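**Q** Pasting a structure here, questions to come.
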Amino acid sequence: MLKIQNISKTFNPGTVNEKKALNQVSLELAAGDFATIVGSNGAGKSTLFNAITGAFFVDEGQILLDGEDITFRKEHIRSKVIGHLFQDPLKGTAPHMTIEENMALAYLRASTASHAFFSRINAKEKQKFREQLSLLNMGLEDRMKQPVGLLSGGQRQALTLLMATMVTPKILLLDEHTAALDPATAEKVLELTKSIIAERQITCLMVTHNMHQALELGNRTLMMDAGSIVFDVQGEERSKLTIDDLLQQFQICAGKRLDNDRILLSK
Amino acid sequence: MESIFTLSILQSALELGCIYSLVALALFISFSILNIADLSTDGCFTLGCAVGAMVTISGHPLLALFAAMGAGIASGFITAFLQTRMGVPSILAGIIVNTGLYTVNIAVMGFSSNVNLFGCDTIFSLAKDKIQASWYNDWYKFLIVFLIVIVIGIILAWFLNTRLGLSIRATGDNEHMVRASSINPLFTITVGLCIANSLTALSGAILGQYQKSCDINLGTGMVTIALASLIIGETLIGKGSVIRKVIGVILGSCLYRFIVAVALRMNVPAEALKLVSAIIVAIAISFPYLKEKAAFQKQRTVAMRMNKKGGGSAC
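Here is the structure:
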């Protein structure tokens, strides 16, 4: 599904702030793969996501999505088939537009041709939005005419997830999407994520700082350090792995101790 | 003393209010929705009036309205092009286009600073003879502008719920979301500004035919006046669905004209009106901020008094 070949990206080349954010990264995800990514701050996890979504073009290498070369495709064109959730729940929805309008936009942008400027939502589709919202168990189905700005962070993130998967994306990128939520809400959003991904067989990459999640969720775990994928485990080998093993593995691969409080605390 | 509220004052306030409400709707798109202060509004209004007047003189009053809208789209496109493709900050792009339009407007009017339409057919003179009734003779001007504004309002409310309309609204609302969605902000900003400026120019063209003249300084301060109408409308009707906001903007514009008419009636000199509208806008925009500050100050005073009174016993 997703095939990344030797991509590299250097920010601010030739200056004192030069940073090699991605260093010859290669990764192949099969359709339906659900991989978690761990790594300390600045390891290149978000940069990898931004390379896939097209926030910048890579210096070298190639990105293929579903057999198509998207390396130099513009961000707004490829984002039609890529779902992207951020840590900040405010980033995924438009606060002054109603829940219904936000969903309409997400639905229309993914389901209609790019030149169908004047397509609109009909009553049947509105009913469908209602049903999808009721699955969240947050009472949002009765607040569809309210602006999204009135919702809590957890509600907004759940809505964003719904919007990103309304029309099944080719790949879903979750960038610590539950990290800014309180534990109960985070749990709820995570459950929702799991069920949507399992139900629709969505290919997914998820960044997390929670070692437990990293091993529990999905079928594959990746570890990044200094712009490279240093550890990649799946199948039987992964099911035997413990959190301590993972931390030790990091020490071996990266040649240093994991210096991230959030990772150690979430152990 | 004669009453300051007469029917004729109400009537002209409604007529002018409807005409100028198109500019307020334009700012509703550029300022409220896209979050861009489009300072080319003044020049674009005069451009619409000038183009409309010239086409009217040549004998096509209806075509004049569409020609003006076309000119407005062109002006909006240049403003949008400067800010989306040339890296000019949005406020500066508006100022640049506004400055350039002064020369363009003079040129359109045949290098003269004003033209008049006396003796020419206008949309108003054409409609006047259609029905022979005394009420119609009194109200036909209002009916025409009201009809135009209603049609534009309905189209706008419909458009803002289409895929493109929703994308334009999201562009001004959350740039992060837009980047992660398949929306090209360069495109939506361009479309939004073209629509906004076409409405501004249409307003200018209708005003030209209404007062049968066009002057190079017609548009001066238009952006402030439209902003005043927009803010009055938003304060009155509040927020809600798109159609509610559109109605609010139109009503705000009529109310503003009514305030102006009453002020004129009370012997406020016409020259002072621009100052009055500037003050209205300044107060209206700063009001929510001052309200919040006052509430905070009050809370602080109450808390301090409680502390003094209760001392340590409260803890």
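Residue numbers (my numbering), protein chains in the order written: chain D, -6 to 260; chain B, 665 to 979. Note that beta-carbon positions come from the ideal geometry of N, C-alpha and C, so glycine has one too. Small disclaimer: the values here were computed from a predicted structure and weren't measured.
Just checking my contact of residue 673/B with residue 844/B at CB under 8 angstroms: how many whole Å lie between their CB atoms?
**A** The residue you call residue 673/B lines up with position 9 of the second sequence. The residue you call residue 844/B lines up with position 180 of the second sequence. Actually they are not in contact, since the Cβ atoms of residue 673/B and residue 844/B sit about 52 angstroms apart, beyond 8 angstroms.
**Q** From which residue to which residue does the alpha helix (DSSP H) around residue 805/B run?
**A** Indexing the second sequence from 1 puts residue 805/B at position 141. Per DSSP, residue 805/B belongs to the alpha helix (DSSP H) from 798 to 823.
**Q** Residue 207/D to residue 238/D, Cα distance in whole Å?
**A** On the first sequence, position 214 is the one that residue 207/D refers to. On the first sequence, position 245 is the one that residue 238/D refers to. Taking the straight line joining both Cα atoms gives about 12 angstroms.
**Q** In chain order, what residues of the same chain lie with their CB nearer than 8 angstroms to the CB of residue 88/D, ignoring the 5 residues before and after it?
**A** Counting from one through the first sequence, the residue named residue 88/D turns up at place 95. Contacts found: 140, 141, 142.
**Q** Going along chain B, which residues have a C-beta under 8 angstroms from residue 94/D?
**A** Within the first sequence, residue 94/D is the residue found at index 101, counting from 1. Going along chain B in sequence order, the residues near residue 94/D (Cβ under 8 angstroms) are 825, 830, 833.
**Q** What residues in its chain sit with their C-beta under 8 angstroms from that of residue 81/D, if we drop five residues either side in the sequence?
**A** The residue given as residue 81/D occupies position 88 in the first sequence. Once the five neighbours on either side are set aside, the close Cβ partners of residue 81/D are 173.
**Q** Return the chain-ordered ranges of every beta strand (DSSP E) run that is complete within the region 185 to 244 of chain D and spans a minimum of 3 residues.
**A** 196 to 200, 213 to 218, 221 to 227
**Q** Given this structure, state the Cα-to-Cα distance separating residue 900/B from residue 911/B, to the nearest angstrom.
**A** To locate residue 900/B, count along the second sequence from 1; it is residue 236. To locate residue 911/B, count along the second sequence from 1; it is residue 247. If you take the alpha carbons of residue 900/B and residue 911/B, they lie about 10 angstroms apart.
**Q** Determine contact between the region 852 to 864 of chain B and the region 775 to 783 of chain B, defined as no fewer than three beta-carbon pairs at a distance below 8 angstroms.
**A** no
**Q** Among residues of its own chain, excluding the 5 on either side of residue 225/D, which ones have a beta-carbon nearer than 6 angstroms to its beta-carbon?
**A** To locate residue 225/D, count along the first sequence from 1; it is residue 232. Result list for residue 225/D: 215, in chain order.
**Q** Can you tell me where the beta strand (DSSP E) with residue 878/B in it begins and where it stops?
**A** Start at 1 with the first residue of the second sequence, and residue 878/B comes out as number 214. That run of the beta strand (DSSP E) goes 877 to 879.
**Q** Work out the CA separation of residue 57/D and residue 7/D for me, nearest whole Å.
**A** Locating residue 7/D in the first sequence gives position 14, counting from the first residue. Locating residue 57/D in the first sequence gives position 64, counting from the first residue. Between residue 7/D and residue 57/D, the C-alpha separation is close to 29 angstroms.
**Q** Is there at least one Cβ from chain B nearer than 8 angstroms to residue 110/D's Cβ?
**A** Walking along the first sequence from the start, residue 110/D turns up at place 117. Yes, its Cβ sits closer than 8 angstroms to a Cβ of chain B.
**Q** Quick check: what's the CA-CA separation for residue 973/B versus residue 908/B?
**A** Translated into the one-based positions of the second sequence, residue 973/B becomes position 309. Translated into the one-based positions of the second sequence, residue 908/B becomes position 244. Rounded to the nearest angstrom, the two C-alpha atoms are 49 angstroms apart.
**Q** Kindly list, in the order they appear in chain D, the residues whose Cβ is closer than 8 angstroms to that of residue 844/B.
**A** By 1-based counting over the second sequence, the position of residue 844/B is 180. By Cβ distance, chain D contributes 46, 72, 77, 79, 84, 85.
**Q** When the cut-off is 8 angstroms and only beta carbons count, does residue 172/D lie next to chain B?
**A** Start at 1 with the first residue of the first sequence, and residue 172/D comes out as number 179. Taking Cβ atoms only, chain B never reaches closer than 8 angstroms to residue 172/D, which makes this a no.
**Q** Cβ of residue 105/D less than 8 angstroms from any chain B Cβ?
**A** The residue labelled residue 105/D in the question sits at position 112 within the first sequence. So, interface residue.
**Q** Let me know the secondary structure DSSP gives residue 747/B once reduced to three states.
**A** Here the question's residue 747/B lines up with position 83 in the second sequence. It is helical.
**Q** With a cut-off of 8 angstroms on the beta carbons, I'd call residue 835/B and residue 853/B a contact; round off their distance for me.
**A** By 1-based counting over the second sequence, the position of residue 835/B is 171. By 1-based counting over the second sequence, the position of residue 853/B is 189. In this structure, residue 835/B and residue 853/B form a Cβ contact; the two beta carbons are roughly 6 angstroms apart against a cut-off of 8 angstroms.
**Q** For residue 847/B, go through chain D and note every residue whose CB falls closer than 9 angstroms to its CB, in chain order.
**A** Counted from its first residue, the second sequence places residue 847/B at position 183. Per Cβ cutoff of 9 angstroms: 69, 72, 98, 102.
**Q** Given a cut-off of 8 angstroms, decide if residue 112/D and residue 160/D are closer than it, judged by their beta-carbon atoms.
**A** Here residue 160/D corresponds to residue number 167 of the first sequence, with the count starting at 1. Here residue 112/D corresponds to residue number 119 of the first sequence, with the count starting at 1. Cβ distance not < 8 angstroms, so residue 160/D and residue 112/D don't count as in contact.
**Q** Going by DSSP, which residues form a beta bridge with residue 77/D?
**A** The sequence position of residue 77/D within the first sequence is 84, counting from 1. In DSSP, residue 77/D forms a bridge with 166/D.
**Q** I'd like to know whether the C-beta of residue 724/B is nearer than 8 angstroms to at least one C-beta of chain C.
**A** Here chain C cannot be found, since the structure's protein chains are D and B.
**Q** Where are the beta strand (DSSP E) runs, 3 residues long or more, that stay fully inside the region 869 to 949 of chain B, in chain order?
**A** 877 to 879
**Q** Which class does residue 62/D belong to by DSSP, given the choice of helix, strand or coil?
**A** By one-based count along the first sequence, residue 62/D stands at place 69. In this structure, residue 62/D counts as strand in the three-state DSSP scheme.
**Q** For residue 27/D, which beta-bridge partners are listed by DSSP?
**A** Within the first sequence, residue 27/D is the residue found at index 34, counting from 1. Bridge partners of residue 27/D: 197/D.
**Q** Any beta-carbon of chain B closer than 8 angstroms to the one on residue 90/D?
**A** Translated into the one-based positions of the first sequence, residue 90/D becomes position 97. At least one chain B Cβ lies under 8 angstroms of residue 90/D.
**Q** With a cut-off of 8 angstroms, does the C-beta of residue 926/B fall near any C-beta of chain D?
**A** To locate residue 926/B, count along the second sequence from 1; it is residue 262. It does not; no Cβ of chain D falls within 8 angstroms.
**Q** Pull the bridge partners of residue 20/D from the DSSP assignment, please.
**A** To locate residue 20/D, count along the first sequence from 1; it is residue 27. Paired residue(s): -3/D.
**Q** Apply the 10 Å Cβ neighbour rule to residue 84/D and answer buried if 16 or more other Cβ atoms are within range, or exposed otherwise.
**A** Along the first sequence, one-based indexing puts residue 84/D at 91. Under this definition residue 84/D is a buried residue.
**Q** Flag residue 113/D as yes if its beta-carbon sits less than 8 angstroms from any beta-carbon of chain B, otherwise no.
**A** For the purposes of this step, residue 113/D is taken as the residue at position 120 of the first sequence. Yes, residue 113/D lies at the interface with chain B (some Cβ there is under 8 angstroms from its Cβ).
**Q** List the residues of chain D whose Cβ lies closer than 8 angstroms to the Cβ of residue 706/B, in chain order.
**A** As a working mapping, residue 706/B is identified with position 42 in the second sequence. Under the 8 angstroms cutoff, chain D gives no residues; its nearest Cβ is about 27 angstroms from residue 706/B.
**Q** Report the residue ranges of all beta strand (DSSP E) runs contained in full by the region 746 to 800 of chain B; include only those spanning at least 3 residues, in chain order.
**A** With a minimum length of 3 residues, the continuous beta strand (DSSP E) runs that stay inside the region 746 to 800 of chain B are 778 to 780.
**Q** Restricting to Cα atoms, I'd like to know which of 720/B, 740/B, 741/B is closest to residue 731/B.
**A** For the purposes of this step, residue 731/B is identified with residue 67 of the second sequence, where counting begins at 1. It is 720/B.
**Q** Does the beta-carbon of residue 53/D, which I'm using as the reference point, lie nearer than 7 angstroms to any heavy atom of the ligand ZN?
**A** For the structure depicted, the ligand ZN is absent and the ligand set is empty, with no information on it obtainable.
**Q** Around the C-beta of residue 941/B, are 16 or more other C-beta atoms found within 10 angstroms, so that it is buried, or is it exposed?
**A** Here residue 941/B is taken as the residue at index 277 of the second sequence, counted from 1. By the 10 Å Cβ count, residue 941/B comes out buried.
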